[in-house]
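Peer 1:
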Amino acid sequence: MTNTWPPPVEILAVYYSPDEALIPNTLSAIMNTATEDEDVRMALQCMSLVQTPRAGPDDMHVDSDSVQMLHDLLDLSDESLPQRFHTSRDSYNVLYLHKLKSDGSKVVCKIATDCDGEKLLRHEAGFYEDKVLAPFRGKEIPNYFGFFEGEWGAGGKITCLVLEHCGVALSSELHKQTLSFRKATVRAVEKLHKNAGVSRGSEYEHENVIRRPNGQPCLVDFAHARRGHKCSTEPIDCDYVQAAPYESCQELEEVAEDAWAWVFHKVSVPALGISMKYDKDRTAEQYWSQHKRPVLHRKVPDEEGVAQIEKALKEWEEDLKCRLDHLAELRDE
Ligand SMILES: [Zn+2]
Numbered sequence: 405m406t407n408t409w410p411p412p413v414e415i416l417a418v419y420y421s422p423d424e425a426l427i428p429n430t431l432s433a434i435m436n437t438a439t440e441d442e443d444v445r446m447a448l449q450c451m452s453l454v455q456t457p458r459a460g461p462d463d464m465h466v467d468s469d470s471v472q473m474l475h476d477l478l479d480l481s482d483e484s485l486p487q488r489f490h491t492s493r494d495s496y497n498v499l500y501l502h503k504l505k506s507d508g509s510k511v512v513c514k515i516a517t518d519c520d521g522e523k524l525l526r527h528e529a530g531f532y533e534d535k536v537l538a539p540f541r542g543k544e545i546p547n548y549f550g551f552f553e554g555e556w557g558a559g560g561k562i563t564c565l566v567l568e569h570c571g572v573a574l575s576s577e578l579h580k581q582t583l584s585f586r587k588a589t590v591r592a593v594e595k596l597h598k599n600a601g602v603s604r605g606s607e608y609e610h611e612n613v614i615r616r617p618n619g620q621p622c623l624v625d626f627a628h629a630r631r632g633h634k635c636s637t638e639p640i641d642c643d644y645v646q647a648a649p650y651e652s653c654q655e656l657e658e659v660a661e662d663a664w665a666w667v668f669h670k671v672s673v674p675a676l677g678i679s680m681k682y683d684k685d686r687t688a689e690q691y692w693s694q695h696k697r698p699v700l701h702r703k704v705p706d707e708e709g710v711a712q713i714e715k716a717l718k719e720w721e722e723d724l725k726c727r728l729d730h731l732a733e734l735r736d737e
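Everything in the sequence shown is counted per my numbering, starting at 405 for the first residue and increasing by one.
#1: Confirm the yes/no value for this check: CB of Glu661, any heavy atom of ligand 1, distance under 7 Å.
#2: Can you check the stretch 539-604 for any beta strand (DSSP E) of at least 3 residues that lies completely inside it and give the ranges in chain order?
#3: Give me whichever residues DSSP pairs with Leu647 in a beta bridge.
#4: Give a yes or no on whether the C-beta atoms belonging to His597 and Cys642 are separated by under 8 Å.
#5: When we look at the beta-carbon of Gly508 and count the other beta-carbons within 10 Å, is it buried (16 or more) or exposed?
#6: For Val699, which residues of its own chain have a beta-carbon under 6 Å away from its beta-carbon, when the five flanking residues on both sides are left out?
#7: Go ahead and label Asp729 buried or exposed: buried means 16 or more other beta carbons lie within 10 angstroms of its beta carbon, across all protein chains shown.
#8: Below 8 Å, how does it come out for the stretch 591-610 and the stretch 551-569: are there three or more Cβ pairs, yes or no?
#9: In three-state terms, what does DSSP make of Ile614?
#10: Is the beta carbon of Leu478 sitting closer than 8 Å to the one on Lys514?
#11: With a threshold of 16 other CB atoms inside 10 Å of the CB of Ala787, please say whether the residue is buried or exposed.
#12: Of the choices Lys505, Pro539, Thr491, whose alpha-carbon is the least far from that of Ala516?
#13: Report back the beta-carbon spacing between Cys564 and Met451 to the nearest angstrom; my notes put them in contact at under 8 Å.
#14: Near Gly542, what residues of its chain come up, given a Cβ to Cβ distance below 6 Å and the 5 sequence neighbours on each side ignored?
#15: Would you decide whether His701 is buried or exposed? Buried here means 16 or more other CB atoms lie within 10 Å of its CB.
#16: Look up Pro705 in the DSSP assignment and say whether it is helix, strand or coil.
#17: To which residues does DSSP link Pro621 through a beta bridge?
#18: Less than 6 Å between C-beta atoms, sequence neighbours within five positions excluded: which residues of the same chain meet that for Arg586?
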């Protein structure tokens, strides 16, 4: 048993300052978490495979003839598992680390114990089971081992999605990674959009890009994934900082922005509430005379308008220079 009380000293130290008394609410939260983890450990023993309509033997990495129960798949004899490592931001779903019975490799168990969380897991299971995603599993997205359900408390239900544990999540933005990793990540998102017609359906976050042990990226968290995405965004080239196309889908725009592969045509001037198409040959005075009409009601003096535009242009040019210098540094590495 590892979920013992009290927790190890180093865990308590996070919550305990020598100058303060122990905070009762925090202690109670730790105790509740430990109890819940133990309840989850017990529940995993008797969870059965959910046969979803879309899944068939060819669709899943789990052999549905031999794996009907979660205990067929996971090594439940190891009492140090499951290990909680993350709580979802948009639900109460908790991610636990576990291992496969067959070869001991690490897997992630996404656990839901309420209806809203179950809905998200069920939706995500449908995504992983989709035939169109088969070529991506184990590469651009994690391998999928099945969706299981069992009893939780008095009349409740617990559900569990089992996925490959792919590696470590990025702790900083894509433009801080090597050029080859930036390219591979952008390619992975483009492939999902264009070859599979799938978008993640939620805001891009670099924490959802995992670095596999072989150095390749793996995209995770498809709780809100959408099928039928028709992506007409032009290919993103990370080898130089290019002007953003006028038409692009939001998700690729966010990835390209995080990778510093694009620079936007529009220069926004927040103080004036306007945005202008960048033109290196145009002066601040020319911009102001073109854009002053919509802000006349603000009674902004000409000098002030020109000064604000000059400031915004300078920042835009500095940002572009920073991206170009950074790209040159990456190439030299
Ligand atoms: Zn797209």
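Ideal placement from N, C-alpha and C gives every residue a C-beta, glycine not left out.
Peer 2: So, to answer that:
#1: The residue you call residue 661 lines up with position 257 of the sequence shown. The beta carbon of Glu661 sits no closer than 7 Å to any heavy atom of ligand 1.
#2: Entirely contained in the stretch 539-604, the beta strand (DSSP E) runs reaching 3 residues are, in chain order, 548-556, 560-568.
#3: Position 243 of the sequence shown holds residue 647. It should be noted that the sequence gives Ala, not Leu, for residue 647. Partner residues in the beta bridge of Ala647, as assigned by DSSP, are Val667.
#4: Along the sequence shown, read from residue 1 onward, the residue named residue 597 stands at position 193. Along the sequence shown, read from residue 1 onward, the residue named residue 642 stands at position 238. When the beta-carbon positions are compared, His597 and Cys642 stay at least 8 Å from each other.
#5: Here residue 508 refers to the residue found at position 104 when the sequence shown is read from its first residue. A residue is called buried when at least 16 other Cβ atoms come within 10 angstroms of its Cβ; Gly508 does not meet this threshold and is exposed.
#6: Your numbering for residue 699 matches position 295 in the sequence shown. Leu676.
#7: Numbered from its first residue, the sequence shown carries residue 729 at position 325. Per the 10 Å Cβ criterion, exposed.
#8: Too few Cβ pairs lie closer than 8 Å, so no.
#9: Here residue 614 corresponds to residue number 210 of the sequence shown, with the count starting at 1. Reduced to three states, the DSSP call for Ile614 is strand.
#10: The residue you call residue 478 lines up with position 74 of the sequence shown. The residue you call residue 514 lines up with position 110 of the sequence shown. No, Cβ-Cβ distance for Leu478 and Lys514 is not below 8 Å.
#11: Here the chain covers residues 405 to 737 and nothing more, so residue 787 does not appear.
#12: Residue mapping note: residue 516 aligns to position 112 of the sequence shown, counting from 1. It is Thr491.
#13: Taking the sequence shown and counting its residues from 1, the one referred to as residue 564 is at position 160. Taking the sequence shown and counting its residues from 1, the one referred to as residue 451 is at position 47. A Cβ-Cβ distance of about 6 Å is found for the pair Cys564 and Met451, placing them in contact under the 8 Å criterion.
#14: The residue labelled residue 542 in the question sits at position 138 within the sequence shown. Same-chain partners within the cutoff: there are none.
#15: The residue given as residue 701 occupies position 297 in the sequence shown. His701 should be labelled exposed.
#16: Position 301 of the sequence shown, counted from the first residue, corresponds to residue 705. In the structure shown, Pro705 sits in coil (DSSP, three-state: anything other than H, G, I, E or B).
#17: As a first step, residue 621 must be located in the sequence shown, where it is residue number 217. In the DSSP assignment, the residues bridged to Pro621 are Arg615.
#18: Position 182 of the sequence shown holds residue 586. Cβ neighbours of Arg586 within its own chain (closer than 6 Å, five residues either side excluded): Leu578, Cys642, Ala663.
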